[in-house]
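Participant: Before we start, here is the structure in question, set down as structure tokens.
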Amino acid sequence: MDRTAQVSPLGIAAIAVHQPSWELQNDWFGEAMPRKFSRHTGIESRGISLDDEVTMGIRAVRQLQAETGCDLSQCRGIMFASPSFLPPSIAHRFLTPEQSQQERTQLAARLLADRLHAPHSRVAGINWFCCGYSRALSLVSRRWAPRLQLKRDEFVLVVVASRISRITDYGNTQTAGLFGDMATATLLAPLESRRHPAHFELVHADASRETIDQPAFDFQQRDQVPVPTPDGGVTHAHDHIVYTLDGMAIAETAPRQMSAAVAAALDAARLQGSDVDFVVPHQAGTGIVRFTGMQLEGYGIGGELINGLTQHVGNVSGCSVPFALRETWNRLGGLIACPTAAVGSPGRPEVLRGCVLLRSTAYHDRQRTQAA
């Protein structure tokens, strides 16, 4: 974690969400799905996208344009994050060189910018799984903003597109129901922007790798993998690359990592646990968020805990925090902590964690009062 870098004065002006029209219900899994699944995760259905990640990202940006009127000629940077691209080590192991090329997030980011006709944008693509949003905000605030020196009407976009359905083993009912597909677009603008007034000042953002006892995540190539179809049926994929996940290990470590990430972020920002008004954690599932709240209490971190947003979307990975912010937009005020936790590199004993600290602006507080 870089404690010396200063966060540039940016704020979140708007967030747009694209959700797939196809919603896969728990009923599709039949008796194979554990009865306790919905009770422990809160998930009853999840979105599945028939579009690829770049197309999903474009849809989210178009939605943002429709809602804000933002002019992409004023966009100076597009940070693209996607957890559903295969990591290079996995792509090289299972795919041809030509196929591996298509799994590069940097290539996808450039294609996204080209299709959006954003010619003046700096572009980067990252993965970082469920921590992609916190990592993206960290990179934008620490590395890009000081160099870009955004003018008042200019802005940067953080686009997250999660299509984990493409790497899900739907035959493994312990994990197949966890993730849903989604894309989000976040507009980051200077705090003094009049065209795109900030609702939430970006106080701090970071993401880091942490060592655990043993690997909890990897990939494998399987044959005859069941795949749902939009009509409620099933087909089977040959030589399909899917993720494998030790769900129990992740469920045990994620609350500890997210609570520790908030404590570290507050320390770096010279703030106290009592300063926190809201905690908007990665919505991995209602149980994990509930246990995160318990861990936060041990650090003396208060604030209202946001939970229960997975019911009809599932765990939407890197889209989780922007989706949660959008869903609770007019409810939030004061200092808001947004911790994330994620799997690490495939086959390695590590996890990822991050935290974004936001503070509502006077503009947002006025809007919030009027909405009430």
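Under numbering that gives the first Met the number 0, the first residue of the sequence shown is numbered 0, with each subsequent residue one higher. By construction, the Cβ of each residue, glycine as well, lies at the ideal position given by its N, Cα and C atoms.
Buried or exposed: His-237, going by 16 or more other Cβ atoms within 10 Å of its Cβ?
Facilitator: Position 238 of the sequence shown, counted from the start, is the residue given in the question as residue 237. Answer is exposed; the Cβ neighbour count stays below 16.
Participant: Within the stretch 110-143, note down every full beta strand (DSSP E) run reaching 3 residues or more, in order along the chain.
Facilitator: You should have 121-125.
Participant: Can at least three beta-carbon pairs, one atom from the stretch 330-343 and one from the stretch 182-194, be found at a separation below 8 angstroms?
Facilitator: no
Participant: Considering only DSSP beta bridges, list what Asn-314 is partnered with.
Facilitator: Your numbering for residue 314 matches position 315 in the sequence shown. Bridge partners of Asn-314: Phe-178.
Participant: Report yes or no: do three or more beta-carbon pairs, one from the stretch 76-93 and one from the stretch 102-116, lie closer than 8 angstroms?
Facilitator: Segment contact: the stretch 76-93 against the stretch 102-116, three or more CB-CB distances shorter than 8 angstroms; contact assigned.
Participant: Could you tell me the alpha carbon to alpha carbon distance between Ser-164 and Trp-21, rounded to whole angstroms?
Facilitator: Here residue 164 corresponds to residue number 165 of the sequence shown, with the count starting at 1. Here residue 21 corresponds to residue number 22 of the sequence shown, with the count starting at 1. Cα to Cα, Ser-164 sits roughly 12 angstroms from Trp-21.
Participant: Express the C-alpha separation of Leu-304 and Pro-280 in angstroms, rounding to a whole number.
Facilitator: What you label residue 280 is simply residue 281 of the sequence shown in a count that begins at 1. What you label residue 304 is simply residue 305 of the sequence shown in a count that begins at 1. Cα to Cα, the separation comes out at about 8 angstroms.
Participant: Using a threshold of 8 angstroms, state whether the C-beta atoms of Ser-137 and Ala-12 are closer than that.
Facilitator: Numbered from its first residue, the sequence shown carries residue 137 at position 138. Numbered from its first residue, the sequence shown carries residue 12 at position 13. It is not a contact, given that the beta carbons lie outside the stated cut-off.
Participant: Applying the 10 Å Cβ sphere with the 16-neighbour rule, what's the burial state of Arg-269?
Facilitator: Position 270 of the sequence shown, counted from the start, is the residue given in the question as residue 269. Arg-269 comes out exposed.
Participant: Can you give me the start and stop residues for the beta strand (DSSP E) that Thr-339 sits inside?
Facilitator: The residue given as residue 339 occupies position 340 in the sequence shown. Run containing Thr-339: 334-342, per the beta strand (DSSP E) assignment.
Participant: Using 8 angstroms as the threshold, is the stretch 117-131 in touch with the stretch 66-83, meaning 3 or more CB pairs across them?
Facilitator: yes
Participant: Would DSSP call His-195 helix, strand or coil?
Facilitator: Residue numbering aside, residue 195 sits at position 196 when the sequence shown is read from its first letter. Residue state, collapsed to three classes: coil.
Participant: Can you tell me which of the three DSSP states Phe-79 falls into?
Facilitator: Within the sequence shown, the letter at position 80 stands for residue 79. Here Phe-79 sits in strand by DSSP.
Participant: Is it the case that the Cβ atoms of Asp-205 and Gly-46 are separated by a distance below 8 angstroms?
Facilitator: Sequence index remark: in the sequence shown, residue 205 carries index 206 (1-based). Sequence index remark: in the sequence shown, residue 46 carries index 47 (1-based). Cβ atoms of Asp-205 and Gly-46: not closer than 8 angstroms.
Participant: Just how far apart, CA to CA, sit Gln-5 and Lys-35?
Facilitator: Translated into the one-based positions of the sequence shown, residue 5 becomes position 6. Translated into the one-based positions of the sequence shown, residue 35 becomes position 36. Bear in mind that a pLDDT of 45 at Gln-5, under 50, signals an unreliable position, so the model cannot answer this.
Participant: Consult DSSP for Ala-15 and reduce its assignment to one of helix, strand or coil.
Facilitator: Residue mapping note: residue 15 aligns to position 16 of the sequence shown, counting from 1. Strand, per DSSP.
Participant: Three or more beta-carbon pairs under 8 angstroms between the stretch 107-120 and the stretch 314-328, yes or no?
Facilitator: No, they do not touch.
Participant: Which first and last residues belong to the beta strand (DSSP E) in which Ile-240 is found?
Facilitator: Here residue 240 is taken as the residue at index 241 of the sequence shown, counted from 1. Per DSSP, Ile-240 belongs to the beta strand (DSSP E) from 239-244.
Participant: Would the beta-carbon of Phe-277 be found less than 7 angstroms away from any heavy atom of the ligand MN?
Facilitator: Inclusion of the ligand MN in the displayed structure is not the case, the ligand content being empty and no account of it being possible.
Participant: Report yes if the C-beta distance between Gln-73 and Asp-168 is below 8 angstroms; otherwise report no.
Facilitator: If you number the sequence shown from 1, residue 73 lands on position 74. If you number the sequence shown from 1, residue 168 lands on position 169. Cβ distance not < 8 angstroms, so Gln-73 and Asp-168 don't count as in contact.
Participant: In this structure, how does DSSP classify Glu-326 when only helix, strand and coil are distinguished?
Facilitator: Counting from 1 along the sequence shown, the entry for residue 326 is found at position 327. Helix, per DSSP.
Participant: Mark Asp-180 as exposed unless 16 or more other C-beta atoms lie within 10 angstroms of its C-beta, in which case mark it buried.
Facilitator: The residue given as residue 180 occupies position 181 in the sequence shown. It is buried - the Cβ of Asp-180 has at least 16 other Cβ atoms within 10 Å.
Participant: Write down every uninterrupted run of the beta strand (DSSP E) in the stretch 242-282 whose length is 3 residues or greater and which is fully enclosed by it, in chain order.
Facilitator: 275-278
Participant: Leaving out five residues before and five after Ala-90 in sequence, what residues of the same chain have Cβ atoms less than 6 angstroms from its Cβ?
Facilitator: Here residue 90 is taken as the residue at index 91 of the sequence shown, counted from 1. Excluding positions up to five away in sequence, the list reads Ser-99, Glu-102.
Participant: Considering only the beta carbon of each residue, do Gly-292 and Cys-129 sit closer than 8 angstroms?
Facilitator: Walking along the sequence shown from the start, residue 292 turns up at place 293. Walking along the sequence shown from the start, residue 129 turns up at place 130. For Gly-292 and Cys-129, no; Cβs fall outside 8 angstroms.
Participant: Closer than 8 angstroms by C-beta to Glu-43: which residues in its own chain qualify, once you throw out the five before and the five after it? Chain order, please.
Facilitator: Stepping through the sequence shown from its first residue, residue 43 is reached at position 44. So the list reads Gln-24, Asn-25, Ser-37, Gln-310, His-311, once near-sequence residues are dropped.
Participant: Is the stretch 283-290 touching the stretch 250-269, taking contact as three or more C-beta pairs under 8 angstroms?
Facilitator: yes
Participant: Is it right to say Thr-3 is buried, meaning 16 or more other beta carbons lie within 10 angstroms of its own, or is it exposed?
Facilitator: In the sequence shown, the residue the question calls residue 3 occupies position 4. The predicted model places Thr-3 with a pLDDT of 40, which falls under 50 and marks its position as unreliable; any figure quoted below should be read in that light. Thr-3 should be labelled exposed.
Participant: DSSP three-state label for Leu-71, please.
Facilitator: As a working mapping, residue 71 is identified with position 72 in the sequence shown. The answer is helix: DSSP assigns Leu-71 an H, G or I state.
Participant: Can you confirm whether the stretch 144-159 touches the stretch 211-221 when touching is taken to mean that 3 or more C-beta pairs between the two stretches lie within less than 8 angstroms?
Facilitator: No contact exists between the stretch 211-221 and the stretch 144-159.
Participant: Per DSSP, what kind of secondary structure is Ser-48 in: helix, strand or coil?
Facilitator: The residue you call residue 48 lines up with position 49 of the sequence shown. Coil.
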